[in-house]
Structures are given as C-alpha cells and as structure tokens.
Amino acid sequence: MTASRPFPQRILIYGVYGAGKSTLALELSRRLGLPWQPVDELTWEPGWKEVPVPLQRDRIAAVCRRKSWILDGAYKDWLDVPLASADLVIGLDFSRGLTLRRLLRRTARLISTGEVICNGNRETLGSVLSAESIILWHFASFGRKRRRMRRWAVDSPGPQVLLFRTPAELDRWVEELGPVSSARPRP
1216 MTASRPFPQR
1226 ILIYGVYGAG
1236 KSTLALELSR
1246 RLGLPWQPVD
1256 ELTWEPGWKE
1266 VPVPLQRDRI
1276 AAVCRRKSWI
1286 LDGAYKDWLD
1296 VPLASADLVI
1306 GLDFSRGLTL
1316 RRLLRRTARL
1326 ISTGEVICNG
1336 NRETLGSVLS
1346 AESIILWHFA
1356 SFGRKRRRMR
1366 RWAVDSPGPQ
1376 VLLFRTPAEL
1386 DRWVEELGPV
1396 SSARPRP
C-alpha cells in the first residue's frame, strides 16, 4: 500500500460483535472514497427475519462482483465469497473484555434510544434476553473468530491480512491513511 502499490479496493473487515467493524468500515469509506456495504442490510429483513442463506450468498456475491467495496463482517455460511475476491482483510483481534464492554454499551444505547439498526429493526430488551441474543452470539463466536483471524494472519490462503490487537494500533494505522477523501463513495 505504497505509491507503487495502490490501496486495496475490496476490503473485508472481520472480528467479533463489538469489535468496531461497522465503525471502521464507515471511517475507511470516508477516507478512501470506497463504498461501504453494511452486511446486516443484506442478511436481515424487517422483524429480525433472517434472509435464507442461499439468498444471503447471492446478495454478498453481487456486492463482491463490484469494482470496489468494504464489507463490515462475514458469516460462516458465505465467508468464502468475500475471501475469494477481497484484496485486503482487516482483522480486529481485540480482547474479549474490550469487545464485550463495547457490545454491552452499544446494545444498551440502542435499546434506550430505539435507534433503527437495519431494515427497520431495533434492538429490544426481549431480543437481548432471547436465545438469539447478540451477547450470547458474542460468547459463542469469540474463540472461533479469533483463531480464524490469527490463522489467516500467519498463513493467508488469499488476500493480504492486517491483524490489529488493540484499538490504539488500529487508530495509528487509520491515521497513516491520511485525511478524509474528497471522492464520494461509489457503488
């Protein structure tokens, strides 16, 4: 990612719930002028109805056929799709304590404000206390996602992998990218 090597145009951000994937995707989109596609918009319908996996794969594949994109996550059922076309994977390998605190803060804020998350969906106390709770998913997926990111960083089967272990390390890297781009993100 130097003058002789252009910055990647297809970026997958990977990490556990609460790592800051969407926050980073928004910041990279602003700085690089690349379009950000929030994954949740492709995988959840109104009423928190999960989109069938074959349709999720089709939607993700359509995004990945574009010249440029930033995805703020990937689910195991279609992780292979963005990995096959990404130029760069950014792994947010932050501690369980940090990511859980962030997730709890974000969830409490979303419940208290009633803010719409995706496709008209809102976080509710009922959803947090359900068997499908995002907090339970955090615990269930943390170790698996961490192992996967670390394996990619050591022996990437495809795109370059940048693994960040602390927010400070990530912030330094983002600052090195320079100021926000005047280019408008394009689909």
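Quick note, the sequence shown lines up with residues 1216 to 1402 if you use our numbering.
The beta carbon of each residue, even a glycine, is placed where N, CA and C say it ideally should be.
Since the structure is predicted, the reported quantities are computational estimates derived from the model, not experimental observations.
- Fewer than three pairs of CB atoms, one per stretch, sit closer than 8 Å, so the stretch 1295 to 1311 makes no contact with the stretch 1319 to 1331.
- Secondary structure remark: continuous alpha helix (DSSP H) runs of at least 4 residues inside the stretch 1294 to 1371, in chain order: 1295 to 1300, 1311 to 1328, 1340 to 1343, 1349 to 1369.
- Relative to the Cα of proline 1253, the nearest Cα in the group Trp1263, Asp1287, Thr1314 belongs to Asp1287.
- A residue is called buried once 16 or more other Cβ atoms fall within 10 Å of its Cβ, and glycine 1312, having fewer, is exposed.
- Cα atoms of leucine 1344 and tryptophan 1259: separation of roughly 19 Å, rounded to the nearest angstrom.
- In this structure, the straight-line span from the alpha carbon of aspartate 1255 to that of lysine 1264 is close to 11 Å.
- Nearest to glycine 1233 by alpha-carbon distance, out of Val1304, His1353, Trp1388, is His1353.
- Your pair leucine 1249 and tryptophan 1284 checks out as a contact, with CB atoms roughly 7 Å apart and the cut at 8 Å.
- The C-beta separation of leucine 1307 from lysine 1236 comes to about 6 Å, placing the pair in contact by the 8 Å criterion.
- Here valine 1331 is exposed: its Cβ has fewer than 16 other Cβ atoms, across all protein chains shown, within 10 Å.
- By alpha-carbon distance to asparagine 1334, the top candidate from Tyr1229, Leu1243, Leu1257, Ile1228 is Leu1257.
- Residue nearest to proline 1269 within the set Tyr1290, Glu1390, Lys1282, Pro1261 is Tyr1290 (criterion: CA-CA distance).
- Judged by their CB atoms, tryptophan 1367 and phenylalanine 1379 are not nearer to each other than the 8 Å cut-off.
- A straight line joining the alpha-carbon of glutamate 1338 with that of aspartate 1295 spans about 29 Å.
- Around the beta carbon of alanine 1240, 16 or more other beta carbons lie within 10 angstroms, which makes this residue buried.
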